[in-house]
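Residue numbers (the working numbering): 12 to 278.
Have a look at this one:
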């Protein structure tokens, strides 16, 4: 896959990124089918297959159970091959999420992620929004904390993974990267994709494949619903990468091929 600019961050990312929640957490997720967390051999095989396919973006988070710790070990010796995106502001324990967007909590979260990932820098850190505090990120100092970490060289770019159009608008106006929801059924963030492109903000897309529920799309019986979703997403200028959460290497290969077709022929 040909790499794409992540806005004006100076980072270049593959059109498909690999989400890693299934490497570390199997409870409290909304996928249509149950799954078992893969062992280290299977996880490493997945990462190698992703690399062979040209994928260079890995998306993780403290809220993804043990995903960060596992990646820290699995990427030993080839960490520089990857653009790593992680989050701050949400922790998941005892079956529930807890949110804290104070500057102290954001700083502590990033420092923990650096240790877990066994790296000296994180390429992108996104505030892991709960949908309620998004408009307070600036006033409480969440973005300021990330800016200080960037100045210290521990973070290369930062932004937010948002849940509301209002939060998306704030992130586009304030940050270098935004993660938005976009698919044929959920288009509320669509104007912000276009606004981000105008401002040079990098756009990562989540839930492009409806978190695995593509069969819920009307008309899914005809044609490939994955191809349909990716063609819809990549028709938007400014989209840098679509993050897909899979532990099936063949599913990943299918998504990569579908993305390449969608980019080559967006009509």
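Just so it is clear, CB atoms sit at the ideal spot from N, CA and C, and this is done for glycine as well.
Measure how close the beta-carbons of residue 76 and residue 132 come, nearest whole angstrom, since I'm counting them as under 8 Å.
With a Cβ gap of about 23 Å, residue 76 and residue 132 do not count as contacting.
What are the complete alpha helix (DSSP H) segments, minimum 4 residues, inside the segment 28-102?
Within the segment 28-102, the complete alpha helix (DSSP H) runs of at least 4 residues are 51-63, 78-85.
Quick one: measure Cβ to Cβ for residue 73 and residue 124, integer angstroms, because I've assumed they're closer than 8 Å.
The beta-carbon separation of residue 73 and residue 124, rounded to 6 Å, stays under the 8 Å limit for a contact.
Give the list of continuous alpha helix (DSSP H) stretches no shorter than 4 residues that lie fully inside the segment 168-237.
Entirely contained in the segment 168-237, the alpha helix (DSSP H) runs reaching 4 residues are, in chain order, 176-185, 201-210.
Cβ neighbour criterion (16 or more within 10 Å) applied to residue 120:
Residue burial is scored here from C-beta neighbours: residue 120 has at least 16 other C-beta atoms within 10 angstroms and is therefore classed as buried.
Going by C-alpha distance, which of 97, 211, 234 is nearest residue 15?
Out of 97, 211, 234, 211 has the C-alpha closest to the C-alpha of residue 15.
Taking one C-beta from the segment 173-188 and one from the segment 105-121 each time, how about it: are there three or more such pairs within less than 8 Å?
Contact annotation: the segment 173-188 does not touch the segment 105-121, with fewer than three C-beta pairs closer than 8 Å.
Excluding the five sequence neighbours on either side, which residues of its own chain have a C-beta within less than 6 Å of the C-beta of residue 144, listed in chain order?
So the list reads 112, once near-sequence residues are dropped.
DSSP state of residue 138 mapped onto helix, strand, coil
Strand at residue 138.
Rounded separation between residue 219 and residue 53 - CA only:
Residue 219 and residue 53: Cα-Cα distance of roughly 25 Å.
Please report the straight-line C-alpha distance between residue 40 and residue 50, rounded to a whole angstrom.
Linking residue 40 to residue 50 through their CA atoms gives a straight-line distance of about 19 Å.
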